[in-house]
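Chains W and B, in that order, are what the protein sequence lines are. The opening residue of the first sequence carries number 0 in numbering that gives the first Met the number 0; numbering runs sequentially from there. The opening residue of the second sequence carries number 0 in numbering that gives the first Met the number 0; numbering runs sequentially from there.
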Amino acid sequence: MAQASHEYQPDPVTMVAYHRALAEHADSLKAYATRLLGDSIAAEDVAQDSFLALYRHLNQVPTAAFRPWLFRVARNLCLDQLRRRKFKLSLFRDLQKDEDQPFTPTDLRSVAPDEVLESQEANQAIEKAIGELPLKFREAFLLCEVEGLSYEDAAAVMGCPVKTVSTRLFRARQRFKSLVSRLIKV
Amino acid sequence: MNCTTCRFELSQCLDGRLPSGRRAIVMQHAETCATCSQFWTELQAAQQLTLRLRTSRVSPGFREELWERIRAGEGTPEAVFHEPVPALTKLRYALTGAALAAGLLLGASWLRSDDTAGLAPVADDPIAGHTKSQLPGDAPNGLQPRSHDRVQTHSGQFSTLASAGDGSPMFGDPLFASTQRLTPGLLAVETAKQLEQRYGEAMLALQRCEAAPDQSADAAQLAWRKADEFQSLGEVLLDLRNRQRLSFRDQEVDADLRFAVNILRQGQRGQRNEHTARVVVGEALRSSRLGTLSRTIWVAPAFDAREDMDLLVDLTTQRPEVFRQLFFVVPSPTGASHDFPGLPTDTVFLLHDVCGPSWVAPRSEVTMREALRILELRLQNEPVQLQIEIGSRR
């Protein structure tokens with residue numbers, strides 16, 4: 000890894016924006032990388048590398064563009080890792096092993112054990128369905144549907160036109176819908 | 000409304016991307032169509048499922064580790080700005096390049112052997128009651144070489160079209176001589192040519208803006224209009240590049256094009272006057288490499304006909320306005336306007352059945368043939384009287 004060529008001191012306003020980005024986007028960046036890599040430890044490294052890269056480029060990135068910029072960097076790092084590993088896309092295999100992570104936003108105390116089990120199975124099925132989407136569709140799905148990025152931001156992350164994002168998202172949704180059809184209660 | 004279009008737009012509805020008028024039309028269709036209605040309900044339910052996804056959290060020491068790395072002066076990871084290209088893709092590029100070169104060599108040798116045999120077409124193959132040698136386009140100077148062969152391969156259906164109306168054959172006119180099957184490769188090449196043209200027109204308009212202050216408002220509007228068309232065409236090229244259907248031999252052209260499209264996209268939000276034309280359009284089109292972009296593109300040959308078909312359907316449904324800038328649409332040879340119900344026949348190219356591309360005439364080629372024809376007529380000292388105007392074919 001290269002050493003920073005010169006020490007850049009960002010101004011206080013930019014630093015506030017950076018801290019805010021760290022608080023707001025670190026988790027979602029890790030989640031995005033986890034779903035691309037299937038490895039939460041590597042994903043955390045990716046998230047950290049992304050923030051490090053952002054810090055080194057604070058003078059070039061407008062604060063409003065922090066989020067898509069971070070996702071773009073994370074994407075590049077993930078794709079680079081996938082390429083290096085000659086990755087067989089067996090995603091999410093580590094997700095359930097990652098027991099040290101506080102993964103449960105719901106309050107389980109008030110829920111019956113069978114409901115908890117059912118909920119866990121449903122979550123696994125949803126994660127598996129996302130993992131089965133082709134990489135291009137999965138990217139669009141994760142960025143727009145899961146992380147809630149706008150089409151424009153997702154296009155900047157994926158390096159493609161906005162219309163391509165909408166097409167990929169449409170196709171991803173179609174496939175996702177058919178993959179989780181048994182969970183859909185209409 | 001077509002169900003396929005409706006479903007695509009329902010997906011956009013889910014994100015609030017459709018204008019209210021369009022949304023009303025789509026929802027009206029969804030209410031009357033049971034399949035689309037079910038699709039809409041399931042789409043919403045599937046979206047609800049994603050809300051149940053667990054959120055992973057970074058470890059408690061994440062920030063401290065990050066600050067330590069920053070304080071230690073660690074630089075940006077090298078992979079950050081890499082656009083990884085898989086080895087398989089590189090190999091595929093190499094193989095397709097070799098195949099293309101072999102194809103070109105074969106084609107060139109075929110052309111040479113054909114030239115030595117003479118340009119006279121096959122006389123025993125009647126087209127619409129004429130032998131080919133009787134057609135006026137078959138001038139011995141060979142200005143329209145082999146275009147008839149291309150037309151002829153379409154199961155003879157163009158023969159009825161060729162003898163349209165009064166029964167006079169139309170193969171001699173530039174439109175029909177330029178007609179060919181629509182492929183992603185043709186699309187890419189024509190887009191690049193039209194983009195170059197828009198670049199030139201926009202730059203001329205900007206020059207006029209500077210040179211003639213009294214006409215600067217009109218010139219600025221023209222520059223913006225051409226820049227908009229440039230942007231649409233550029234997006235098509237970048238889309239094709241992202242789908243790995245073309246690449247730029249010169250990486251700087253790639254970067255210049257992305258830069259231009261991004262700047263113009265941002266410029267759409269602001270005011271449009273002489274000042275913004277000079278600043279935004281001038282800045283976006285500052286690289287002269289964009290004026291010769293078509294020389295640097297490399298088009299990947301088709302691997303899968305179905306993939307080609309998907310690509311063409313995607314691009315034509317998404318960007319009918321761009322298709323009008325690229326091609327003259329050749330009317331359906333069968334006269335059937337419902338070959339592919341999702342596509343209105345007057346706005347996009349016609350698909351012949353559901354799984355076959357249609358026939359189009361690239362505008363640049365038609366224009367070139369038209370110019371050659373005028374030149375030929377002038378050289379012969381004959382009065383120039385064009386029978387067919389390009390504009391009337393729209």
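For glycine and all other residues, C-beta sits at the position ideal for the given N, C-alpha and C.
A Cβ-Cβ separation of about 7 Å places Val298 of chain B in contact with Arg244 of chain B under the 8 Å criterion. Straight-line measurement puts the Cα of Arg55 of chain W at about 42 Å from the Cα of Thr315 of chain B.
At a C-beta separation below 8 Å, Leu48 of chain B has these neighbours in chain W: Ala121, Ile125, Val179, Leu182, Ile183.
Closest in alpha carbon position to His18 of chain W, among W:Asp79, W:Glu144, W:Phe169, W:Phe50, is W:Phe50. Assignment of Leu57 of chain W by DSSP, reduced to helix, strand and coil, places it in the coil class. Following the DSSP letters along the chain, one finds Ile296 of chain B inside the beta strand (DSSP E) bounded by residues 296-298. Relative to Ala78 of chain B, the option among W:Ala30, W:Gln119, W:Arg170, W:Asp48 whose CA is nearest is W:Asp48.
Checking the DSSP bridge columns, you'll see Pro361 of chain B partnered with B:Phe326.
The beta-carbon distance between Phe70 of chain W and Leu142 of chain W, rounded to whole angstroms, is 7 Å. This is short enough to meet the 8 Å contact definition.
When Cβ-Cβ separations below 8 Å define contact, Ile296 of chain B makes no contact with chain W.
Note on geometry: alpha-carbon atoms of Leu148 of chain W and Leu42 of chain B lie some 18 Å from one another. Of all residues in the stretch 156-172 of chain W, only Gly158, Cys159, Pro160, Lys162, Thr163, Ser165, Thr166, Leu168, Phe169, Arg172 come within less than 7 Å of chain B when Cβ atoms are compared, listed by chain position. Ranked by Cα distance from Thr166 of chain W, the options B:Leu376, B:Gly60, B:Asp309 are led by B:Asp309. The stretch 58-71 of chain B makes no contact with the stretch 12-19 of chain B: fewer than 3 CB pairs, one atom from each, lie closer than 8 Å. By the rule that beta-carbons nearer than 8 Å mark a contact, Ile69 of chain B touches chain W. Per DSSP, the beta bridge partners of Ser246 of chain B are B:Trp297. Spanning the alpha carbons of Arg51 of chain B and Cys208 of chain B requires a straight line of approximately 57 Å. Approximately 23 Å separates the beta-carbon atoms of Ala370 of chain B and Ile296 of chain B; this is outside 8 Å, ruling out the contact. Taking a Cβ-Cβ threshold of 8 Å, the residues of chain B close to Tyr150 of chain W are Asp14, Arg16, in chain order. Note on Glu23 of chain W: under 16 other CB atoms within 10 angstroms of its CB, so exposed under the neighbour-count rule.
With contacts defined as CB atoms closer than 8 Å, Leu311 of chain B and Pro212 of chain B fail to qualify as a contacting pair. For a Cβ distance threshold of 7 Å, residue set Phe61, Glu64, Leu65 of chain B lies close to Gln47 of chain W, ordered along the chain. Closer than 8 Å to the CB of Arg55 of chain W there is at least one CB belonging to chain B.
The CB of Asn58 of chain W never comes closer than 9 Å to any CB in chain B; the least such distance is about 13 Å. Thr316 of chain B sits in a helix when the DSSP states are folded into three classes.
Boundaries of the alpha helix (DSSP H) harbouring Phe38 of chain B: 33-49, taken from the DSSP string.
Among the residues facing chain W, Thr75 of chain B is included, as its CB has a counterpart in that chain under 8 Å away.
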